[in-house]
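First comes the structure, then the notes that go with it.
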Amino acid sequence: MAPLENPSLHTVLFLLLIIIPATNSIGVNYGTLGDNLPPPSQVAHFLKTRTVIDRIRIFDVNKDIIKAFANTGILVSVTVPNGDIPSLTNPRTARRWIDANIKPFYPATKIHYICVGTEVLHWGPQNLVDKLVPAMKVLHSALVKEGFDEIKISSPHSLGILLSSDPPSNASFRPGWDVGNLAPMLQFLKETKSGFMVNPYTYFGYSPANANFCLFKPNPGLFDKATGITYTNQFDQLMDAVYVSMKKLGYPDVEIVVAETGWPSGGDPANVHANPVNAAAYIGGLMKKVNSGDGTPLMPGRKFETYIFALFNENLKGPSLDEKNFGLFRPDFTQVYNVGIMHAAQAPSPSPIGATADAPADGPSSSGGPWDDAPFFNKTTPFTGSPGQAPPASSSTGAPTIVNANVRDSSLGTTSTNVVLATRFASIIILVMILFP
Numbered sequence: 043m044a045p046l047e048n049p050s051l052h053t054v055l056f057l058l059l060i061i062i063p064a065t066n067s068i069g070v071n072y073g074t075l076g077d078n079l080p081p082p083s084q085v086a087h088f089l090k091t092r093t094v095i096d097r098i099r100i101f102d103v104n105k106d107i108i109k110a111f112a113n114t115g116i117l118v119s120v121t122v123p124n125g126d127i128p129s130l131t132n133p134r135t136a137r138r139w140i141d142a143n144i145k146p147f148y149p150a151t152k153i154h155y156i157c158v159g160t161e162v163l164h165w166g167p168q169n170l171v172d173k174l175v176p177a178m179k180v181l182h183s184a185l186v187k188e189g190f191d192e193i194k195i196s197s198p199h200s201l202g203i204l205l206s207s208d209p210p211s212n213a214s215f216r217p218g219w220d221v222g223n224l225a226p227m228l229q230f231l232k233e234t235k236s237g238f239m240v241n242p243y244t245y246f247g248y249s250p251a252n253a254n255f256c257l258f259k260p261n262p263g264l265f266d267k268a269t270g271i272t273y274t275n276q277f278d279q280l281m282d283a284v285y286v287s288m289k290k291l292g293y294p295d296v297e298i299v300v301a302e303t304g305w306p307s308g309g310d311p312a313n314v315h316a317n318p319v320n321a322a323a324y325i326g327g328l329m330k331k332v333n334s335g336d337g338t339p340l341m342p343g344r345k346f347e348t349y350i351f352a353l354f355n356e357n358l359k360g361p362s363l364d365e366k367n368f369g370l371f372r373p374d375f376t377q378v379y380n381v382g383i384m385h386a387a388q389a390p391s392p393s394p395i396g397a398t399a400d401a402p403a404d405g406p407s408s409s410g411g412p413w414d415d416a417p418f419f420n421k422t423t424p425f426t427g428s429p430g431q432a433p434p435a436s437s438s439t440g441a442p443t444i445v446n447a448n449v450r451d452s453s454l455g456t457t458s459t460n461v462v463l464a465t466r467f468a469s470i471i472i473l474v475m476i477l478f479p
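One point on numbering: in my numbering, the residue at position 90 of the sequence shown is 132, and numbering is uninterrupted.
Below, the structure written as structure tokens:
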């Protein structure tokens with residue numbers, strides 16, 4: 043075959059993109075509320091060598107974990123505890139925080155995001171809400187001064203920030219938070235090219251009537267009259283509701299990051315939908331969705347950076363059994379269900395492995411324990427204040443009532459990832475020989 047004459051760089055890159063489609067990848071939230079969890083060094087080695095997970099998010103600045111992921115190539119996002127936010131509005135304190143928690147580890151550990159707090163608008167109190175965006179700006183300035191401007195700053199939100207999500211075309215952020223907090227945050231994220239982090243949990247929008255809609259299974263769908271769109275899954279509905287709300291504030295182009303989403307494989311007796319079959323269906327559908335690059339009806343072609351909640355079942359979480367059983371893996375690294383997370387040959391479809399809904403392998407039957415490494419997920423309590431009134435900045439000590447917020451197969455099948463990569467590499471060699479004899 044005659045070589046192509048003077049192939050341009052753009053031609054080469056285009057052909058390489060055809061030959062090398064994006065590999066499936068996913069992020070995961072790595073919580074540590076368990077007394078039987080493996081050490082971080084083992085976790086880092088396992089994720090790097092055995093799974094497609096290429097990024098993690100932790101709920102603190104655990105130095106052992108950060109250090110363990112050095113030279114693994116896995117992106118690590120760390121979290122500023124909510125209580126530290128006010129002090130970080132002081133530039134000197136922010137620089138000291140960077141010196142203590144980032145500088146000793148970066149760039150050996152690929153720190154990706156600093157998450158300033160967790161669901162701050164939902165949980166409050168008001169002084170944290172007021173200080174959130176200023177702290178984000180000051181931390182960013184401290185990073186830039188250190189030359190760490192590749193590290194991004196954001197803050198994850200529950201979907202309690204939405205006034206409504208059904209239908210998506212009518213969605214908006216809650217009055218008070220919209221202009222007072224979220225618009226300045228979105229402006230900052232736009233300027234720094236960072237993502238707007240949200241925690242969409244379809245698990246908390248579940249009812250027997252809409253089970254398939256929540257689980258990426260065939261269903262009649264949700265019709266939005268204003269757009270003429272029929273939504274076939276609640277994930278798309280919630281993401282488009284966030285997008286519409288952002289667009290109404292003038293920020294449709296800020297990327298959206300799925301900071302948390304998941305489905306428990308076991309739970310309290312009343313929560314029969316918390317089982318490994320449903321967990322496998324949801325996480326399997328989620329992975330296909332985010333890796334397909336299809337986007338959503340209102341965001342076609344957009345691929346969302348996504349973090350599954352969670353890496354492990356954590357036996358010290360509570361108060362419900364649901365919270366103990368969001369993990370992809372048990373503490374001995376065995377899968378709770380199979381959705382193609384492992385590099386090895388996988389089953390052709392999502393399936394539960396070795397656990398039942400009412401008796402997960404490592405979940406204790408007792409209640410209560412600490413649960414502050416992540417909040418109570420997608421707490422979408424309705425706001426009952428008058429129009430224009432600022433939303434509540436803090437919640438009561440009890441868990442809020444959970445309500446519906448109205449709120450292509452891309453797996454490798456049974457083919458080893460290594461074989462696929464080897465084939466693609468051979469294709470590259472052939473292409474180069476053709477283009478540059």
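Glycine residues also receive a C-beta, built at the ideal position from the N, C-alpha and C atoms.
With respect to the C-alpha of I298, the residue from L130, V286, T74 having the closest C-alpha is V286. Residue pairing by DSSP puts H199 in a beta bridge opposite V240. Around the beta carbon of R137, 16 or more other beta carbons lie within 10 angstroms, which makes this residue buried. For N78, there is no enclosing beta strand (DSSP E), since its DSSP letter is neither H nor E. The three-state secondary structure of D126, taken from DSSP, is helix.
Pairing S307 with K187, the inter-Cα distance amounts to about 45 Å. Where T303 is concerned, the enclosing beta strand (DSSP E) starts and stops at 298–303. Distances from the CA of S129 to each of P176, N223, T114 were compared; the closest alpha carbon is that of P176. Residue nearest to G309 within the set L204, E356, N78 is E356 (criterion: CA-CA distance). Between V296 and V240, the C-beta gap is not smaller than 7 Å, which leaves the two residues out of contact. Per the DSSP secondary-structure output, Q377 pairs in a beta bridge with F371. If you draw a straight line from the Cα of N317 to the Cα of L117, it is about 30 Å long. Listed as beta-bridge partners of R97 by DSSP are G69, L117. No residue range can be given for S307, since it is assigned to no alpha helix (DSSP H) and is classified by DSSP as neither H nor E. For L280, the enclosing alpha helix (DSSP H) starts and ends at 276–290. Our two residues, G166 and K173, have alpha carbons roughly 11 Å apart in a direct line.
Note on geometry: alpha-carbon atoms of P250 and D364 lie some 17 Å from one another. Here T376 is exposed. Its C-beta has fewer than 16 other C-beta atoms within 10 Å.
Taken through DSSP and simplified to helix, strand or coil, P210 comes out as helix.
Cβ-Cβ distances below 8 Å link P133 to V180, S183, A184 in the same chain, with the five nearest sequence neighbours on each side left out; the list follows chain order. Using a Cβ distance threshold of 7 Å, Y155 and S119 count as a contacting pair.
Sorting I107, F190, Q276, E233 by C-alpha distance to the C-alpha of N261 places Q276 at the top.
Between the alpha carbons of G159 and V70 lies a gap of roughly 18 Å. Counting along the chain, the unbroken alpha helix (DSSP H) around T135 starts and ends at 133–143.
Under a 10 Å Cβ-count criterion, G247 is classified as buried, with 16 or more other Cβ atoms of the shown protein chains found around its own Cβ. Looking at A301, T131, T244, the one whose alpha-carbon comes closest to that of R97 is A301.
If the five residues before and after V171 are omitted, its C-beta is found closer than 7 Å to the C-beta atoms of V162, L163, N223, A435, all from its own chain and listed in chain order.
The straight-line gap separating the alpha-carbon atoms of D278 and Y324 is approximately 13 Å. Boundaries of the alpha helix (DSSP H) around V319: 318–334.
Under DSSP, P342 takes part in a beta bridge, and its partners are G337.
Relative to the Cα of S67, the nearest Cα in the group L79, G76, V94, P80 belongs to V94. In the displayed model, D191 falls within coil according to three-state DSSP, outside both helix and strand. Fewer than three beta-carbon pairs drawn from the region 255–275 and the region 225–243 are found closer than 8 Å, and the two stretches are therefore not classed as touching. Counted as a single uninterrupted DSSP element, the beta strand (DSSP E) harbouring L264 occupies residues 264–266.
The beta carbon of F230 is closer than 7 Å to those of V175, M178, K179 in its chain, skipping five residues each way along the sequence.
When secondary structure is reduced to three states using DSSP, I271 falls in the strand class.
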